[in-house]
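K.L.:
Below: one structure in structure tokens.
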Amino acid sequence: MNWNNWIPLLVVISSLLPGLIIFSLAEDKVRTRVMLNLFGAFAKLALVGLMLWGVYQGYHYETRLPLLPNLDLVLRAGPLALLFVSLSTILWLVTTVYAIGYLEDSPHRSRFFGFFSLCVTATVGVALAGNLITFLVFYELLTLATYPLIVHRGTEEARLAGKTYLRYTVTGGALMLIGTVWLYSLTGTLEFTPRGILSNIGEQHYPALIIIFVMLIAGLGVKAALVPLHGWLPKAMIAPAPVSSLLHAVAVVKAGAFGIVRVVYDVFGVEFAAGLGVLTPLAWLAAFTILYGSLRALFQDDLKRRLAYSTISQVSYITLGVAIAGPIATIGGVVHLVHQGLMKITLFFCAGNLAETLGIHKISEMNGVGRRMPWTMAAFTIGAFGMIGAPPIAGFISKWYLGLGALNTGQSWVIVVLAGSSLFNAMYFLPILHRAWFMPSPESWPSEHHFGNKETAWALLLPPLVTAAMALAAGLLVTVPFSPLEWAKLISVREFYQP
Amino acid sequence: MIIEFYTMMLLMAVVWPLLLAIPALQSRLPWPRYLALTPAVVLLTLPNDISIKLPWLLYGTGFALDGNSRWILGAFIVIWFAAATLTFSAKQKPALKYSSTFYLLTMAGNLGALLTTDLVGFFVFSTLMSYGFYGLVIQDGDKTFQRAGRLYLYFLIAADLALFEALLLMAFTTNNFQYEIARQAMSTMSASPIYPYMVLIGFSLKAGIWPFYFWLSTALHSCSRTVALFLVGGPITISLVGLIRWLPAREDIHIMGIVMQVLGAAAILHFILRLFLAGKNRFSISWFIIASTGLFSLVLGTMLVNSSWPQHAYIAYPFIASVSILFTIVILIFGKNIKQLDSPSTAPYFITNILDRFNTWIKTAQQSVSKLKHRTINLWDNAVAIVVRKFASVSGDHKIKHFVTDWKINITLFLILILAFAWLAN
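Residue numbers (the working numbering), protein chains in the order written: chain A, 591 to 1089; chain B, 24 to 449.
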């Protein structure tokens, strides 16, 4: 085993170790905690950067540790894994900065940041997992690490939200476990392999494979918030804004969507799954979720709840892209994994800023807020327009490839879904922008905090500006090397064209 | 050296207004609205065609100025200069804090859409222009403005969706979006026949071509002289330019030509009737605009029918430029009383009512679904409760009642799974 083989493990450890140390820190050790958080985030960033460069040069990074007889714990850095790891790592750094500002002077910060680091450790593990059993281990760790973050406020409402979250995710995890064991009994392997592991399986197993597929997708669909498994997500909005950002853009929801991509591509294989007839129902379910989430978002006055329903809708673009089962739609689905993350995290950061600075939680309280917090609302505007799919922001690129992919595979009905979703997105985002920029401000805000001559604290303002700029750059500079789109193309080529 | 300078000016014509739109920069420079126009004015002094490629931007875009674009650029400079002069001495209300930002974003979008060399670039910049223009219409905040803006927004979203579909259909045929190459690709019979219709619908909605003119009269009634100038210079002019640049020359396009002729004739007829029926000294600028776009539609339709399109497309540019300048003069002279001249159309009420009803309908449907969901859950809860009571009374174990109540979702999923197994086993 050479040095390169340890890098994936180091990437996981880079957040695990600081997290474990942070647990043991006293509340007043603010500086040490901040240093540890930032050290972990930057170390992970450096390691991921190294792997990105290495994979681009053709190096192979794989850590393999014995876990069970004939089943290893495998961490492997392929293009798909690196896309998700890069997203998580970059957004973790930004979210850490934001969380430091957001939770200033609040209690239980060591507990919060400890679980925060564990959560990212689990996400990176999910991303780098080289087989289904490793994926499952980290997937369940993610469930457990996220629960304390959701109930962090300790209120009755938070505890109820946490309970709901656990019920959904533990059931999903159990389904996944049964599906995984069953799959192993049929195939004897759980390694993620381009075009899947089922090409040699006999036709007599097809009914069983359909059930396994349903179980795996149901297990992953809970976290990916596919309707009707989405009920936990709007309730989990009770958590602090950095947790919401983490849930919606970096970790939980993304892990579910990423898992669906893995199962379809690297376990079943797109062609095999299409032949099994399971992708069309999945595409319909994703389309229904897209429209249902948007429709529900329309009628929410609570800003975070509206954003939560928007996530339910937007994350299903990824599933839709996968289920359309063509090279171009794959690009659209996979690239949306990154694009949605950038745009949604911006929106949640802004929602957090409004709550923290002015005490605004409802859309009906947002009149004229653009004049009071122009930079925050400028970032929110970019995120919202991106979600609508307005060019040149990242969301436009995702919708472009999904639409084109649908045309390419002769599934024109997807265009109608995309158009309907864009229309709904416009209907629930533009009124917010209208209120913020064009309505007169109230005489006083619900609970205003002053930060000198700045609109809010720097630690709260910089993260949404950075992520909004990234969302804009991801749309404008689509063809430059290392752009999310170029990586998505690489993944699509590997899945569809490489022998 | 001179060529490099002009190439820089070509880029700056778009980038400079965009930079100046940032409030922090805008407030540090004198006369930002005039200043933003400087590169475009300099560009107009160059006698030759010029272009710059930006392969790293979007899908590989670029900017160019040719003989045709020069006509429109000249008209734009006149319009934007007039608008800057009109707003120069205007006292800023607090509500108009970001009016310069919207002004400069609209300008950047306007110039970008004109100078870009490909369809994706055109779509990007025209979207920027449209939303910037929405900001200009809506910024004063009274109810009439809001209604005009809302109506404009409805049309804008519908138009952008149609154009997005058109772009997708084009991308399905070719991956080169440069105007001429894309046009040739879409002119082959293997390209989608829906494409020209999507283009027509998209740009007709944006330009207010008859019968999609409703928002025009409301916007003109509601807005100031400056916004009226932007309206002519921005959405209308650029949409007509877009129509020329996006339309292919398919063999079967003469059917669309007939449609455009009919629309154009109807618009002119509409204008004549309104002129006769209107009271003394009461006329609307919007009627003249509708008549002009109608005339444009009629001529373009005739070209499509005669298959002389796009060889004679160059005629359209001086036409659009002269009509824009003519309307600028009209608005400058008569525009002081624009609100008295333009009565708002009653049709927008009809449209907004339909959209409000649609909104109510969605809300009702959503509530009904929610009620149905709760009823189903209640029914299921009751069924589970009956089973649990029976089980508890038989076994004497009452803890199970709490367990089932707490984990009913999971138990339901488990039962569904068993049913699925049973179904598949059969």
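No residue lacks a Cβ here, since even glycine has one placed at the ideal position from N, Cα and C. All values reported here derive from a predicted model rather than from experimental measurement.
In the structure shown, what three-state DSSP assignment does A:Asn721 receive?
P.N.:
Three-state result, A:Asn721: strand.
K.L.:
According to DSSP, simplified to helix, strand and coil, what is A:Val817?
P.N.:
If DSSP states are grouped into helix, strand and coil, A:Val817 belongs with coil.
K.L.:
From which residue to which residue does the beta strand (DSSP E) around B:Thr84 run?
P.N.:
Its beta strand (DSSP E) spans residues Thr84 to Leu88.
K.L.:
Does A:Pro981 come within less than 7 Å of chain B when only Cβ atoms are used?
P.N.:
Yes, because at least one Cβ of chain B sits closer than 7 Å to the Cβ of A:Pro981.
K.L.:
Taking 7 Å as the CB-CB limit, is B:Ile180 close to chain A?
P.N.:
Yes, contact with chain A.
K.L.:
So, for B:Ser213: in the same chain, excluding its five sequence neighbours on each side, which residues have a beta-carbon less than 8 Å away from its beta-carbon?
P.N.:
Cβ within range, chain order: Thr196.
K.L.:
Assign A:Ser835 to one of three DSSP states: helix, strand, or coil.
P.N.:
DSSP places A:Ser835 in helix when its eight states are reduced to three.
K.L.:
Closer than 8 Å, Cβ to Cβ, to anything on chain A: give me those residues from the stretch 153-167 of chain B, in chain order.
P.N.:
Listed by position, the residues of the stretch 153-167 of chain B near chain A (Cβ gap below 8 Å) are Tyr154, Gly158, Ile161, Gln162 and Gly164.
K.L.:
Who are the neighbours of B:Thr150 on chain A, taking C-beta pairs under 8 Å?
P.N.:
What B:Thr150 touches in chain A: Ala980 and Pro981.
K.L.:
A:Asp662 lies in the alpha helix (DSSP H); which residues open and close that run?
P.N.:
No alpha helix (DSSP H) holds A:Asp662; the beta strand (DSSP E) holding it covers Leu661 to Arg666.
K.L.:
In the structure shown, what three-state DSSP assignment does A:Asp618 receive?
P.N.:
Of the three classes helix, strand and coil, the one that applies to A:Asp618 here is coil, per DSSP.
K.L.:
Among A:Leu600, A:Tyr729 and A:Arg623, which has the Cα closest to the Cα of A:Gly609?
P.N.:
It is A:Arg623 whose Cα lies nearest to the Cα of A:Gly609.
K.L.:
Would you check if the distance between the CB atom of A:Phe706 and the CB atom of A:Gly715 is smaller than 7 Å?
P.N.:
Not in contact: A:Phe706 and A:Gly715 (Cβ atoms no closer than 7 Å).
K.L.:
Considering only residues of the same chain and omitting the five flanking positions on each side of A:Val925, which have a CB-CB separation below 7 Å?
P.N.:
So the qualifying residues of the chain are Ile987, Ser988, Tyr991, Pro1074, Leu1075 and Ala1078.
K.L.:
Would you call A:Arg621 buried or exposed, if buried means 16 or more other Cβ atoms sit within 10 Å of its Cβ?
P.N.:
It is exposed - the Cβ of A:Arg621 has fewer than 16 other Cβ atoms within 10 Å.
K.L.:
First and last residue of the alpha helix (DSSP H) that includes B:Pro55?
P.N.:
B:Pro55 -> alpha helix (DSSP H) spans Pro55 to Leu58.
K.L.:
Can you pull the chain A residues whose beta carbon is under 8 Å from the beta carbon of B:Ile343, in chain order?
P.N.:
Those within 8 Å of B:Ile343 in chain A number zero; the least Cβ separation is about 24 Å.
K.L.:
Any contact of the stretch 794-807 of chain A with the stretch 663-682 of chain A, i.e. 3+ C-beta pairs under 8 Å?
P.N.:
No, because fewer than three Cβ pairs between the stretch 794-807 of chain A and the stretch 663-682 of chain A fall closer than 8 Å, the two stretches do not touch.
K.L.:
Are the beta-carbon atoms of A:Ala913 and A:Leu872 separated by less than 7 Å?
P.N.:
In this structure, A:Leu872 lies closer than 7 Å to A:Ala913 by Cβ.
K.L.:
Quick check on DSSP: helix, strand or coil for A:Ile918?
P.N.:
A:Ile918 falls in the helix class under three-state DSSP.
K.L.:
Note down, in chain order, all residues in the stretch 176-203 of chain B with a beta-carbon under 8 Å from any beta-carbon belonging to chain A.
P.N.:
Listed in sequence order: Leu176, Ile180, Asp183, Leu184, Phe187, Glu188, Leu190, Leu191, Leu192, Ala194 and Phe195.
K.L.:
Can a CB atom of chain A be found closer than 7 Å to the CB of B:Phe125?
P.N.:
Chain A, which has no Cβ nearer than 7 Å to the Cβ of B:Phe125, makes this no.
K.L.:
Just the Cα atoms here: how many angstroms apart are A:Thr589 and A:Gly668?
P.N.:
Residue 589 of chain A lies beyond the range of chain A shown here (591 to 1089); nothing can be said about it.
K.L.:
What's the gap between the Cα of A:Val532 and the Cα of A:Phe970?
P.N.:
Coverage of chain A is limited to positions 591 through 1089, which leaves residue 532 of chain A absent and any answer about it impossible.
K.L.:
Could you tell me whether any Cβ in chain B is nearer than 7 Å to the Cβ of A:Ala1016?
P.N.:
Chain B contact via Cβ: present.
K.L.:
Who are the Cβ neighbours of A:Pro982 in its own chain at under 7 Å, not counting the five residues just before and after it?
P.N.:
Here the set comprises Gly1065 and Leu1066.
K.L.:
Might you give, ordered along the chain, the residues of its own chain that have their beta carbon closer than 7 Å to the beta carbon of A:Tyr737, omitting 5 neighbours on each side?
P.N.:
Closer than 7 Å at Cβ, skipping near neighbours: Gly752, Tyr755 and Leu756.
K.L.:
For the alpha helix (DSSP H) containing A:Lys825, list its first residue and its last residue.
P.N.:
Run containing A:Lys825: Trp822 to Lys825, per the alpha helix (DSSP H) assignment.
K.L.:
Which value, in whole angstroms, describes the spacing of the CA atoms of B:Lys229 and A:Gly942?
P.N.:
Answer to the nearest angstrom: the Cα atoms are 36 Å apart.
K.L.:
Since B:Ile385 meets chain A, which of its residues come closer than 8 Å, beta carbon to beta carbon?
P.N.:
Correct list: Leu885 and Leu888.
K.L.:
Taking 7 Å as the limit between beta carbons, can you name the residues of its chain near A:Gly1010, skipping five residues before and five after?
P.N.:
Excluding residues within five positions, the ones whose Cβ falls inside 7 Å are Leu881.
K.L.:
7 Å is my cut-off, CB to CB: does B:Phe145 come that close to chain A?
P.N.:
Not closer than 7 Å to any Cβ of chain A, the Cβ of B:Phe145 fails to qualify, so no.
K.L.:
With 7 Å set as the bound, which would you pick, yes or no: does the beta-carbon of B:Trp79 sit closer than that to a beta-carbon of chain A?
P.N.:
Yes - at least one Cβ of chain A is within 7 Å of the one on B:Trp79.
K.L.:
Have a look at the DSSP bridge pairing and note the partners of A:Arg654.
P.N.:
A:Arg654 is bridged to A:Val664.
K.L.:
Quick one: complete alpha helix (DSSP H) runs, 4+ long, within the stretch 950-987 of chain A?
P.N.:
Runs found: 959-962 and 964-978.
K.L.:
In terms of residues, what are the limits of the alpha helix (DSSP H) holding B:Lys76?
P.N.:
Counting along the chain, B:Lys76 falls outside any alpha helix (DSSP H), though it belongs to the beta strand (DSSP E) covering Ile73 to Leu77.
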